[in-house]
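Notes follow the structure.
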Amino acid sequence: AQTVTQSQPEMSVQEAETVTLSCTYDTSESNYYLFWYKQPPSRQMILVIRQEAYKQQNATENRFSVNFQKAAKSFSLKISDSQLGDTAMYFCAFNTGANSKLTFGKGITLSVRP
Amino acid sequence: EAGVVQSPRYKIIEKKQPVAFWCNPISGHNTLYWYRQNLGQGPELLIRYENEEAVDDSQLPKDRFSAERLKGVDSTLKIQPAELGDSAVYLCASSPASGSWHNEQFFGPGTRLTVL
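Just so you know, the protein sequences line up as chains A and B, in that order. My numbering puts the first residue of the first sequence at 1244, with every later residue one more than the last. My numbering puts the first residue of the second sequence at 2, with every later residue one more than the last.
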């Protein structure tokens, strides 16, 4: 079975500080893509960052970066210089391509304090 | 460029009533997905379309749920009859091309269904 585990239900961070959101996954596939999606209170889900399993280099998008540990099946998201607009639910997900289905974790609620 | 459009945004119905949700994907996106998101959970796929063909409906409760995408563009998801456990947010998403499973999926704002 393909699963995604986000064990931290909630996190809080002070504005301008750095926070790391954890994610582990399980799949028997060798090639897959990993994603972090953000869902603000308005509910529209948007892509934050994407990582291909075959690439060793960790993906970076401005203030967002990942720590991808393939052997450990770990895919954490680091947000630097946190901003109030980063307040949202964050979902870790992956897609193996076998059926093009995104498998999501339960999400983590991130609150950025002013 | 317009995003994925869904309507209605909110729907409240009595149990055993029918309900329908509509989705218009981003222009040119061949692949369309319907997800259900229960409170405090991540989305779960109900059905995936490649153009007008439903290529994965294994998670769709077919006794009461149905979906269509007749012309390969917009899509409708229907529940008949609704049950209390169907209360959730129903999300529609689209992506650019068939088979491009690594592509980003673009999500609509969702329809929040409350069944009383």
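Cβ atoms here follow ideal geometry from the backbone N, Cα and C, with glycine treated the same way. Nothing here was measured: the structure is a model prediction, and the numbers come from that model.
message: Let me see if you follow: with CB-CB separation under 8 Å, is A/G1348 close to chain B or not?
response: yes
Reference B/A83, options B/Y34, B/G4, B/N31, B/T115, closest by Cα: B/T115
field: chain A contacts made by the segment 46-66 of chain B, where a contact means CB separation under 7 Å
entry: L46, R49, D57
query: Mapping DSSP to helix, strand and coil, what is B/D87?
result: helix
field: CB contact below 8 Å: B/V6 versus chain E
entry: No chain E appears in the structure shown, which is made up of the protein chains A and B.
message: Strictly under 8 Å for the Cβ-Cβ distance: is A/F1334 near chain B by that measure?
response: yes
query: Looking only at its own chain, which residues have a Cβ that is under 7 Å from the Cβ of B/R125, when we skip the five neighbours before and after it?
result: Summary: the structure shown does not reach residue 125 of chain B, with chain B confined to residues 2 through 117, and so no result is reported for it.
query: For B/L61, which option in B/I48, B/F22, B/A55 has the closest C-alpha, if you only look at C-alpha atoms?
result: B/I48
task: Spatial neighbours of A/S1354 within its chain, please: CB distance less than 7 Å, with the 5 preceding and 5 following residues excluded, ordered by chain position.
output: S1255, T1330
- prompt: Who are B/R49's beta bridge partners in DSSP?
  reply: B/Y34, B/D57
Residue interval of the beta strand (DSSP E) (run including A/E1253): 1253-1257
field: Cβ separation of A/F1246 and A/D1269, assumed to be a contact under 8 Å, to the nearest whole Å
entry: Phe is not the amino acid found at residue 1246 of chain A; the sequence shown has Thr there. About 5 Å; that satisfies the 8 Å criterion.
message: Could you check whether the Cβ of A/Q1251 sits closer than 8 Å to any Cβ belonging to chain B?
response: no
- prompt: If you run the structure through DSSP and keep just helix, strand and coil, what is B/L71?
  reply: coil
- request: Note down, in chain order, each residue of its chain lying with its Cβ closer than 6 Å to the Cβ of B/P26, except the 5 sequence neighbours on either side.
  value: V5, L33, S95
- request: Could you tell me whether the Cβ atoms of A/C1266 and A/F1318 are closer together than 8 Å?
  value: yes
task: Decide if the segment 13-22 of chain B is in contact with the segment 1290-1301 of chain A; the criterion is three or more beta carbon pairs, one per stretch, under 8 Å apart.
output: no
task: Can you tell me which of A/Y1333, A/P1252, A/P1357 puts its alpha carbon nearest to the alpha carbon of A/P1202?
output: Nothing can be reported for residue 1202 of chain A, as the shown portion of chain A is limited to 1244 through 1357.
- prompt: Helix, strand or coil: which one does DSSP assign to A/L1353?
  reply: strand
query: Could you give the distance in angstroms between the alpha-carbon of A/K1313 and the alpha-carbon of B/F108?
result: 27 Å
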